[in-house]
């Protein structure tokens with residue numbers, strides 16, 4: 010497999026992520042803003058009820074490959090007071106780099122915190138106007154991060170969630186994310202029926218001393234996933250026939266070869282293992298309409 014992983018490093022806010030134009034398509038159009046709640050409510054009216062988003066994991070994705078790169082991540086508590094001066098400077102920057110940092114922070118909060126939790130901060134735009142931001146949680150994969158450092162398991166869940174949200178083109182596509190995590194392992198019956206096309210699975214750890222993300226694809230649906238502008242599990246097919254990966258995400262083959270079979274009721278891959286790496290139980294499996 011030929012791969013392409015070019016990316017440029019810039020510090021990203023809270024975690025020391027790196028990003029370079031991560032929410033802009035090749036043509037320069039900025040991706041639509043993320044709104045977990047609104048999109049989910051359209052897919053399932055019960056999402057308008059408190060906490061309905063916890064079991065229903067339909068979420069939009071629009072992060073582009075350069076959003077997640079192997080920079081040092083810090084799993085300190087997710088509060089403004091816990092951020093380093095450099096981290097605060099990144100998310101408060103008025104220029105484009107600041108917008109990128111804020112967008113990835115928004116996605117990260119959506120992965121980690123639940124709908125009752127949020128992260129707020131203020132910044133000054135290029136015209137000198139004060140701006141305030143509040144990013145609300147959604148999936149609740151690491152709720153304790155709101156006031157204490159991440160543990161290894163939570164690091165892996167947040168990492169898998171972010172990996173699943175990468176879109177090569179910066180185009181929001183509704184996906185069903187499923188996994189062994191209590192917040193993901195019991196999808197609504199309607200979600201299982203409507204989002205029945207398995208795309209692949211994502212796992213890894215962006216917070217480790219050697220950050221790595223992995224993906225596998227479900228072979229029979231690889232072409233369909235690409236037709237839906239979801240290339241990061243199976244890879245983007247180049248004109249010369251080569252396969253380009255999405256930034257840091259390493260494609261390790263077919264899910265049938267590197268993961269356990271789908272869980273009967275939850276329809277997720279319980280465990281996956283990349284060649285030469287430790288197996289992981291903290292895996293997110295994605296499904297499309």
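Residue numbers (the numbering used here): 10 to 298. Virtual Cβ for every residue (Gly too), placed ideally from N, Cα, C. Since this is a predicted model, take the numbers as computed values, not measurements.
From what residue to what residue does the alpha helix (DSSP H) around residue i run?
i, result
"residue 203", "198-203"
"residue 171", "161-173"
"residue 97", "94-101"
"residue 144", "From DSSP, residue 144 is part of no alpha helix (DSSP H) but of the beta strand (DSSP E) over 139-145."
"residue 115", "105-121"
"residue 185", "Element bounds for residue 185: not the alpha helix (DSSP H) but the beta strand (DSSP E), 182-188."
"residue 236", "231-236"
Would you kindly check if the distance between the Cβ of residue j and the Cβ of residue i is under 8 Å?
i, j, result
"residue 188", "residue 294", "yes"
"residue 100", "residue 110", "yes"
"residue 270", "residue 211", "no"
"residue 159", "residue 120", "no"
"residue 255", "residue 177", "yes"
"residue 216", "residue 124", "no"
"residue 192", "residue 148", "yes"
"residue 152", "residue 126", "yes"
"residue 258", "residue 267", "no"
"residue 116", "residue 194", "no"
Which word fits residue i, buried or exposed, when buried means at least 16 other C-beta atoms lie within 10 angstroms of its C-beta?
i, result
"residue 65", "Note that residue 65 has pLDDT 35, beneath the 50 cutoff, so the model's placement of it is unreliable and the number below is only indicative. So residue 65 counts as buried."
"residue 273", "exposed"
"residue 131", "exposed"
"residue 287", "exposed"
"residue 133", "exposed"
"residue 143", "exposed"
"residue 296", "buried"
"residue 214", "buried"
"residue 298", "exposed"
"residue 196", "buried"
"residue 161", "exposed"
"residue 104", "exposed"
Could you tell me whether the Cβ of residue i comes closer than 8 Å to any Cβ of chain D?
i, result
"residue 129", "In the structure shown, chain D cannot be found, because there is only a single protein chain."
Could you pull the start and end residues of the beta strand (DSSP E) that residue i belongs to?
i, result
"residue 292", "No beta strand (DSSP E) holds residue 292; DSSP gives it neither H nor E."
"residue 86", "From DSSP, residue 86 is part of no beta strand (DSSP E); its letter is neither H nor E."
"residue 222", "221-226"
"residue 261", "258-263"
"residue 91", "Premise fails: residue 91 is in no beta strand (DSSP E) and is neither H nor E."
"residue 274", "It is not in any beta strand (DSSP E) - residue 274 carries neither H nor E in the DSSP assignment."
"residue 127", "127-133"
"residue 210", "206-214"
Assuming residue i contacts residue j (C-beta within less than 8 Å), just tell me the rounded distance between them.
i, j, result
"residue 175", "residue 241", "5 Å"
"residue 122", "residue 155", "6 Å"
"residue 209", "residue 243", "7 Å"
"residue 238", "residue 182", "6 Å"
Is it a yes or a no for the segment 164-182 touching the segment 129-138, going by three-plus beta-carbon pairs under 8 Å? no
Using 8 Å as the Cβ pair cut-off and three pairs as the minimum, do the segment 193-202 and the segment 239-253 touch? Judged by Cβ distances under 8 Å, the segment 193-202 makes no contact with the segment 239-253, as fewer than three pairs qualify.
Three CB pairs or more closer than 8 Å across the segment 280-290 and the segment 213-225: Flag = yes, the segment 280-290 and the segment 213-225 touch.
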